Structure formats: C-alpha cells, structure tokens
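Here the UniProt record's numbering is used: the first residue of the sequence shown is 1, the next is one more, and so on.
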Amino acid sequence: MSLGRRPPGRPRTRWRDYVSRLAWEHLGIPPDELEEVAGEREVWAAAPVTQPRISNLGPLPLGV
1 MSLGRRPPGR PRTRWRDYVS RLAWEHLGIP PDELEEVAGE REVWAAAPVT QPRISNLGPL
61 PLGV
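This is the structure we're talking about:
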C-alpha cells in the first residue's frame, strides 16, 4: 500500500449523508427537503424526542 491513499472499500460516510439518513429514518423528512425544513422551528419542535438531552443526564464523573 502506498502512502497517502485511501484504503480499499467503500468511501467513508460524509456527515451530511449520515444526518440526512437519520432525518429520513426517524423523522420521515426526505433528504431533498432537509435543507428547506432545517430552518423551520415548528417542524423540529413537533419531532419526537428519541434521545435524552445531555443536560438531563447529570454531571459527568471526574476524570472523564
């Protein structure tokens, strides 16, 4: 293997593609509409909360 080359296999998933897939799977927002809907606060306020908010988890243990 030469230096500076990507290892063989499929390309890495881009962050934008990952977020688009999550929005489609969990919220039903098609990827082509995601940018348009991203600025609409009403859509996100009506979205079901599937993960706890970090602030609700309490303090982090020391040494983390």
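No residue lacks a Cβ here, since even glycine has one placed at the ideal position from N, Cα and C. The structure presented is a predicted model; accordingly, all values stated were derived computationally and were not measured.
| Item | Value |
| --- | --- |
| Nonlocal neighbours in the same chain, by C-beta distance under 6 Å from residue 1, ignoring five residues either side | Below a pLDDT of 50, predicted positions are generally treated as unreliable, and residue 1, at 48, falls in that range; no measurement from the model is reported. |
| Presumed contact (8 Å Cβ cut-off) between residue 47 and residue 34, rounded CB distance | Wrong, their Cβ atoms sit about 13 Å apart, outside the cutoff. |
| Within 9 Å, strictly: CB atoms of residue 41 and residue 31 | no |
| Assigned secondary structure, residue 41 (DSSP; H/G/I helix, E/B strand, else coil) | helix |
| Run of the alpha helix (DSSP H) containing residue 27, from where it starts to where it stops | Run containing residue 27: none; DSSP gives neither H nor E here. |
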